[in-house]
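Here the sequence shown is numbered in numbering that gives the first Met the number 0, starting from 0 and rising by one per residue.
Idealized CB from N, CA, C, for every residue including glycine.
Notes follow once the structure below has been shown.
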Amino acid sequence: MAAKLMILRGLSEAFTALYNSLDHSSLIVGIYCTPDIFAAMSFELFTELPIWFIFLCILLGALYSGGLYFRNRRNPRVNSKVFLYLLSVLRFASATLLSILLLNPLLKYVDRDIQKPQVILAVDNSSSMVQSRDSALVRDNLPKVALGLEENLKDKFEVIRIQVGEGVELNESVDFSQKRSNLESVIAERHNLFSGSRGRGIILLSDGIYNSGKHPGYAALKSDVPVHTIGFGDTTVRRDLSVQDVRMNAITFLGNEFPVEVDVLATKAEGVRSEVSIWSGGSKLGSESIVIEKDRFTKTVRFNLSAAKDGSNDFIVRFAPADGEYNRRNNTAYAATEVIDGRQRILISAHAPHPDIAALRSLIEAKDQYEVDVRLGDLSSVDKDRFDLVITHQMPTNGMELDYLKGLRDRQIPMLNILGTATSISHWNSLGADVTIQGNNRNYNQAQGSWNRQFDLFELDDENSAFLNTFPPLIVPFGQYQSRGNGHTALLQKIGQVKTQMPLLVLSKADRYKRLVFCGEGLWRWKLYEFEERENNEVFSDFFSKLVQFLALKEDSRKFRVFPSKRNLFENEQITFRAEVYNDNYEAVNKNNVELIIRNDSGEVFNYNFVPRGRFYHLEPGSLPPGSYSFTAKTTMAGRALNAAGSFIVKPLVIEQLRLTADHKMLRQVAENSNGLFAYPLPDDVSRIVRSLVENGNSESVVRSYSTFKDIIDMKWLFYLIFGLLALEWGMRRWAGSY
Numbered sequence: 000m001a002a003k004l005m006i007l008r009g010l011s012e013a014f015t016a017l018y019n020s021l022d023h024s025s026l027i028v029g030i031y032c033t034p035d036i037f038a039a040m041s042f043e044l045f046t047e048l049p050i051w052f053i054f055l056c057i058l059l060g061a062l063y064s065g066g067l068y069f070r071n072r073r074n075p076r077v078n079s080k081v082f083l084y085l086l087s088v089l090r091f092a093s094a095t096l097l098s099i100l101l102l103n104p105l106l107k108y109v110d111r112d113i114q115k116p117q118v119i120l121a122v123d124n125s126s127s128m129v130q131s132r133d134s135a136l137v138r139d140n141l142p143k144v145a146l147g148l149e150e151n152l153k154d155k156f157e158v159i160r161i162q163v164g165e166g167v168e169l170n171e172s173v174d175f176s177q178k179r180s181n182l183e184s185v186i187a188e189r190h191n192l193f194s195g196s197r198g199r200g201i202i203l204l205s206d207g208i209y210n211s212g213k214h215p216g217y218a219a220l221k222s223d224v225p226v227h228t229i230g231f232g233d234t235t236v237r238r239d240l241s242v243q244d245v246r247m248n249a250i251t252f253l254g255n256e257f258p259v260e261v262d263v264l265a266t267k268a269e270g271v272r273s274e275v276s277i278w279s280g281g282s283k284l285g286s287e288s289i290v291i292e293k294d295r296f297t298k299t300v301r302f303n304l305s306a307a308k309d310g311s312n313d314f315i316v317r318f319a320p321a322d323g324e325y326n327r328r329n330n331t332a333y334a335a336t337e338v339i340d341g342r343q344r345i346l347i348s349a350h351a352p353h354p355d356i357a358a359l360r361s362l363i364e365a366k367d368q369y370e371v372d373v374r375l376g377d378l379s380s381v382d383k384d385r386f387d388l389v390i391t392h393q394m395p396t397n398g399m400e401l402d403y404l405k406g407l408r409d410r411q412i413p414m415l416n417i418l419g420t421a422t423s424i425s426h427w428n429s430l431g432a433d434v435t436i437q438g439n440n441r442n443y444n445q446a447q448g449s450w451n452r453q454f455d456l457f458e459l460d461d462e463n464s465a466f467l468n469t470f471p472p473l474i475v476p477f478g479q480y481q482s483r484g485n486g487h488t489a490l491l492q493k494i495g496q497v498k499t500q501m502p503l504l505v506l507s508k509a510d511r512y513k514r515l516v517f518c519g520e521g522l523w524r525w526k527l528y529e530f531e532e533r534e535n536n537e538v539f540s541d542f543f544s545k546l547v548q549f550l551a552l553k554e555d556s557r558k559f560r561v562f563p564s565k566r567n568l569f570e571n572e573q574i575t576f577r578a579e580v581y582n583d584n585y586e587a588v589n590k591n592n593v594e595l596i597i598r599n600d601s602g603e604v605f606n607y608n609f610v611p612r613g614r615f616y617h618l619e620p621g622s623l624p625p626g627s628y629s630f631t632a633k634t635t636m637a638g639r640a641l642n643a644a645g646s647f648i649v650k651p652l653v654i655e656q657l658r659l660t661a662d663h664k665m666l667r668q669v670a671e672n673s674n675g676l677f678a679y680p681l682p683d684d685v686s687r688i689v690r691s692l693v694e695n696g697n698s699e700s701v702v703r704s705y706s707t708f709k710d711i712i713d714m715k716w717l718f719y720l721i722f723g724l725l726a727l728e729w730g731m732r733r734w735a736g737s738y
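Okay, structure coming up:
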């Protein structure tokens, strides 16, 4: 008896010491476990009550199972010690688990995300990689080198496989089908490819030939990670005669002579006699004999041609091949010019100088078909009838300028009116314009433009219209805007974050008289903004060119018109067609079936049907093979057959064939400028790059932890475990003849 009391006293003291050691300021206790089988995961168990309640649950399970199975041993089967202990263990486990569930335990999972440093493995997928004589070796060896690099690096790094052509693509398959080589894009896009600061290097597998984007060597100077390069391709210089460039005016005028300049290059062809010729419509327009004087020979050949017919004029330039020349695909080049009948005169008139005027003038003067005159201040001496289009800026400011605008209106001279802070709103409203403003000259708003998708007088692609919506706000008069019924709103005002229904840009056409109203000044900011964002003015120029073309273009009296998106395009560009059908009142209709037939110079015929879009028709045949094409379109209107015809040319994109000699010197420059290494595709040489990446001290992985919580009582497997324990115990008791 004394021994039992001593044991109980010892247990009591142990529980008391354990209880006193617990932090009673909190009711949550965690048990942290990290089993070896979970290399990247650990978990913690939380209960709402102190930890010693779990020991009470264990004690309760032990007392319950012991009292149940050790108080009655009359059944001979149950008296077996092994059988008895097994039953008690089953009951102990189920009772303990059930009592622990009463504590409402939570399980906290701590997932460990092992983030390896990243390496970009970029493969040049341009066609020049397999245009040289060792193309079979490149096709066979390059995938092996890329796979070997990935295998050797994947233990330490996350390898990002990309292709390089006109840009970068996250794609592992390589088919050498890209028509351009923009090697600089790998370095420029590195921040978008890497995750955060995990980037450690770039490995570029290429022949070093680039023909798009900036010089890769200069781009490498700005790289914050080393760019390692592996040189493929044949560096042997072979005999080659090529047309490097053809320059001519994009637009010329009917009856004028225009110059054509052709740059030719010859290598390893000293003493060879050849000929440069220019052709159009199967006729030779001019030629010049050339004697190649040295191993690397360049020359500019000049022709003077006459613009004999209006419309698109297509030309083919040929550099006669030499014996033994390996690459003859670069001996031919295509070019085109648009011949128009007469230059259109545009007047920009304003009350005072303004940056908007300079921005618009530079844009319009860049187009050869326009002649620009600027007049400021006194406009009384202006001969209005000399001009095909008049642009006014912040006018009218007084009654004299109002009379000037009325004179333009009465003569039905197309106008582009730009309103601003100097515009007299009362005089403007008295002009009877398509937009009137109920306000005054003292209050103004800052309003961005928001492209109206319902506008259909001309098309603007989705990318350009989305970028146009980001342009800086213009200064617009404050007030209520009203637009007349014949006005078409191209841009709506967006004031702050609110898109309004007030017009910012309205175009109108009535009785062949066209006018455009821009309800704000500050267009020069648009030009500067785009140049800062994209280093060009393509969207600004394209948008205002469409506006000026809409106003200055002579009215076409045809009732059926078909326009290709371009009359000269490359084979990788998509061509689209727009068709317009008008009734006797010159109202656009789109209820008729419109067919288009395209024929190439080989006699093949392609048939299409236009799809109505807005008030007009639209067709996207997609990209077409290189060649000269003609098209005819037909429809019916009031029982009469209507036809339209035209032509266009698809030029082959031969830029990848202009140079086939691998440029390993450039690849060395890229590596040196970025503290990288250059290697040949040999195992020992490539292994230097792997060692450099692994041994530079930045190849350690980063471990990040993420916690998730879950109620244990919601775990289905625990239910099945407890049910299984009770079912097994019940079955064994039945077998023993006990209940």
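Practice item. Could you have a look at leucine 204 and say whether DSSP puts it in helix, strand or coil? Key: Taking the first residue of the sequence shown as position 1, residue 204 is located at position 205. Collapsing the DSSP output to three states places leucine 204 in a strand.
Check your understanding: Per DSSP, which one or two residues make a beta bridge with asparagine 440?
Key -> As a first step, residue 440 must be located in the sequence shown, where it is residue number 441. Asparagine 440 is not bridged by DSSP to any residue.
Exercise for review: Return the first residue and the last residue of the beta strand (DSSP E) that phenylalanine 175 is part of.
Suggested key: The sequence position of residue 175 within the sequence shown is 176, counting from 1. Careful: phenylalanine 175 lies outside any beta strand (DSSP E) and carries neither H nor E.
Check your understanding: Do glycine 207 and leucine 666 have their C-beta atoms within less than 7 Å of each other?
Key -> Walking along the sequence shown from the start, residue 207 turns up at place 208. Walking along the sequence shown from the start, residue 666 turns up at place 667. Yes, these two residues count as a Cβ contact at 7 Å.
**Study point:** Run of the beta strand (DSSP E) containing tyrosine 108, from where it starts to where it stops
**Key:** Indexing the sequence shown from 1 puts residue 108 at position 109. 105-114 is the span of the beta strand (DSSP E), which, as asked, contains tyrosine 108.
Review point. Which word fits serine 176, buried or exposed, when buried means at least 16 other C-beta atoms lie within 10 angstroms of its C-beta?
Key: Here residue 176 refers to the residue found at position 177 when the sequence shown is read from its first residue. Exposed is the call here.
Practice item. Assign tryptophan 734 to one of two classes, buried (16 or more other C-beta atoms within 10 Å of its C-beta) or exposed (fewer than that). Key: Within the sequence shown, the letter at position 735 stands for residue 734. Tryptophan 734 comes out exposed.
Review point. DSSP three-state call for tyrosine 84: helix, strand or coil?
Key: Within the sequence shown, numbered from 1, the residue matching residue 84 stands at position 85. In this structure, DSSP gives tyrosine 84 a helical state, which the three-state scheme calls helix.
**Study point:** 3 or more residues per run - each beta strand (DSSP E) lying fully within the region 284-370
**Key:** As far as the region 284-370 is concerned, its whole beta strand (DSSP E) runs of at least 3 residues are 295-305, 310-318, 331-339, 343-349.
Review point. Expressed to the nearest angstrom, what Euclidean distance is found between the alpha-carbon atoms of arginine 533 and lysine 513?
Key: Walking along the sequence shown from the start, residue 533 turns up at place 534. Walking along the sequence shown from the start, residue 513 turns up at place 514. Straight across, the Cα-Cα distance linking arginine 533 with lysine 513 is about 33 Å.
Practice item. Report buried or exposed for glutamine 393, applying the criterion of at least 16 other Cβ atoms within 10 angstroms of its Cβ. Key: As a working note, residue 393 is residue 394 in the sequence shown. Burial call: buried.
Exercise for review: Can you give me the Cβ contacts of tryptophan 278 inside the same chain, cut-off strictly under 6 Å, excluding the 5 residues immediately before and after it?
Suggested key: Numbered from its first residue, the sequence shown carries residue 278 at position 279. Ile315.
Check your understanding: Thinking C-alpha only, which one of Asn582, Val338, Gln162 is nearest methionine 636?
Key -> As a working mapping, residue 636 is identified with position 637 in the sequence shown. Minimum Cα distance to methionine 636 is reached at Asn582.
Check your understanding: Three or more beta-carbon pairs under 8 Å between the region 378-395 and the region 343-354, yes or no?
Key -> By the criterion of at least three beta-carbon pairs nearer than 8 Å, the region 378-395 is in contact with the region 343-354.
Point to revise | Within the region 444-520, ranges of the alpha helix (DSSP H) (whole runs, at least 4 residues) | key: Within the region 444-520, the complete alpha helix (DSSP H) segments at least 4 residues long are 461-467, listed from N- to C-terminus.
Exercise for review: Can you say whether arginine 189 is buried or exposed, counting buried as having 16 or more other CB atoms within 10 angstroms of its CB?
Suggested key: Along the sequence shown, read from residue 1 onward, the residue named residue 189 stands at position 190. The residue is buried, with at least 16 neighbouring Cβ atoms inside 10 Å.
**Study point:** Distance CB(leucine 504)-CB(leucine 490) smaller than 7 Å
**Key:** Taking the first residue of the sequence shown as position 1, residue 504 is located at position 505. Taking the first residue of the sequence shown as position 1, residue 490 is located at position 491. For leucine 504 and leucine 490, yes; Cβs fall inside 7 Å.
Exercise for review: Output the boundary residues of the beta strand (DSSP E) element that contains alanine 643.
Suggested key: Sequence index remark: in the sequence shown, residue 643 carries index 644 (1-based). From DSSP, the beta strand (DSSP E) with alanine 643 extends over 639-650.
**Study point:** alanine 38 to leucine 152 span [Cα, whole Å]
**Key:** Taking the first residue of the sequence shown as position 1, residue 38 is located at position 39. Taking the first residue of the sequence shown as position 1, residue 152 is located at position 153. For alanine 38, the pLDDT reaches just 43, beneath the cut-off of 50, and the residue's location in the model is therefore unreliable, leaving the point undetermined.
Check your understanding: Can you tell me whether DSSP reads proline 680 as helix, strand or coil?
Key -> As a working mapping, residue 680 is identified with position 681 in the sequence shown. If DSSP states are grouped into helix, strand and coil, proline 680 belongs with coil.
**Study point:** Length of the line joining the Cα atoms of serine 544 and aspartate 239
**Key:** Against the sequence shown, residue 544 aligns to sequence position 545. Against the sequence shown, residue 239 aligns to sequence position 240. Distance between the alpha carbons of serine 544 and aspartate 239: 41 Å.
**Study point:** Residues that DSSP places opposite glutamate 157 in a beta bridge
**Key:** Numbered from 1 along the sequence shown, position 158 holds the residue referred to as residue 157. Beta-bridge partners assigned by DSSP to glutamate 157: Gln117.
Point to revise | Element boundaries [beta strand (DSSP E), containing histidine 617] | key: If you number the sequence shown from 1, residue 617 lands on position 618. Looking at the DSSP string, the run of the beta strand (DSSP E) that includes histidine 617 is 615-621.
Check your understanding: How about asparagine 416 and valine 547: do their beta carbons lie closer than 7 Å?
Key -> Position 417 of the sequence shown holds residue 416. Position 548 of the sequence shown holds residue 547. Going by C-beta atoms, asparagine 416 is not nearer than 7 Å to valine 547.
Exercise for review: Starting from the Cα of threonine 770, find the closest Cα among Gly65, Asp123, Tyr108, Gly431 and give me that residue.
Suggested key: In this structure the chain extends from 0 to 738, so residue 770 is not present and cannot be described.
Point to revise | Length of the line joining the Cα atoms of threonine 499 and glycine 431 | key: For the purposes of this step, residue 499 is taken as the residue at position 500 of the sequence shown. For the purposes of this step, residue 431 is taken as the residue at position 432 of the sequence shown. Rounded to the nearest angstrom, the two C-alpha atoms are 23 Å apart.
Review point. Using a Cβ-Cβ cut-off of 7 Å (strictly less than) and excluding sequence neighbours within five positions of phenylalanine 477, which residues of its own chain qualify?
Key: Locating residue 477 in the sequence shown gives position 478, counting from the first residue. So the qualifying residues of the chain are Gly438, Asn442, Tyr443, Asn444.
Check your understanding: Is it the case that the Cβ atoms of alanine 265 and isoleucine 291 are separated by a distance below 7 Å?
Key -> For the purposes of this step, residue 265 is taken as residue 266 along the sequence shown, with counting starting at 1. For the purposes of this step, residue 291 is taken as residue 292 along the sequence shown, with counting starting at 1. The answer is yes: Cβ separation under 7 Å.
**Study point:** Range covered by the alpha helix (DSSP H) that runs through aspartate 139
**Key:** Along the sequence shown, one-based indexing puts residue 139 at 140. Residue range 134-152 is occupied by the alpha helix (DSSP H) that includes aspartate 139.
Point to revise | asparagine 326 classed as buried or exposed, judged by whether at least 16 other C-beta atoms fall within 10 angstroms | key: Position 327 of the sequence shown holds residue 326. Classification for asparagine 326: buried.
Check your understanding: What's the call for aspartate 355, buried or exposed, on a 16-neighbour Cβ count within 10 Å?
Key -> The sequence position of residue 355 within the sequence shown is 356, counting from 1. So aspartate 355 counts as buried.
**Study point:** Beta-carbon separation (whole angstroms), leucine 220 vs asparagine 672, contact threshold 8 Å
**Key:** Numbered from its first residue, the sequence shown carries residue 220 at position 221. Numbered from its first residue, the sequence shown carries residue 672 at position 673. At roughly 5 Å, the Cβ-Cβ gap stays under 8 Å, so leucine 220 and asparagine 672 are in contact.
Exercise for review: Specify the secondary structure class of serine 380 as computed by DSSP and reduced to three states.
Suggested key: Residue 380 sits at position 381 when you count from the first residue of the sequence shown. Under the three-state reduction of DSSP output, serine 380 falls in the coil class, being neither helix nor strand.
Check your understanding: First and last residue of the alpha helix (DSSP H) that includes methionine 399?
Key -> As a position in the sequence shown, residue 399 is number 400, starting the count at 1. Element bounds for methionine 399: 398-409.
Review point. What residue does the alpha helix (DSSP H) around lysine 633 start on, and which one ends it?
Key: Locating residue 633 in the sequence shown gives position 634, counting from the first residue. Following the DSSP letters along the chain, one finds lysine 633 in no alpha helix (DSSP H) but inside the beta strand (DSSP E) bounded by residues 626-636.
Review point. Exposed or buried, what is aspartate 123 when buried is set at 16 or more other beta-carbons lying within 10 Å of its beta-carbon?
Key: By one-based count along the sequence shown, residue 123 stands at place 124. Buried, because 16 or more other Cβ atoms sit within 10 Å of the Cβ of aspartate 123.
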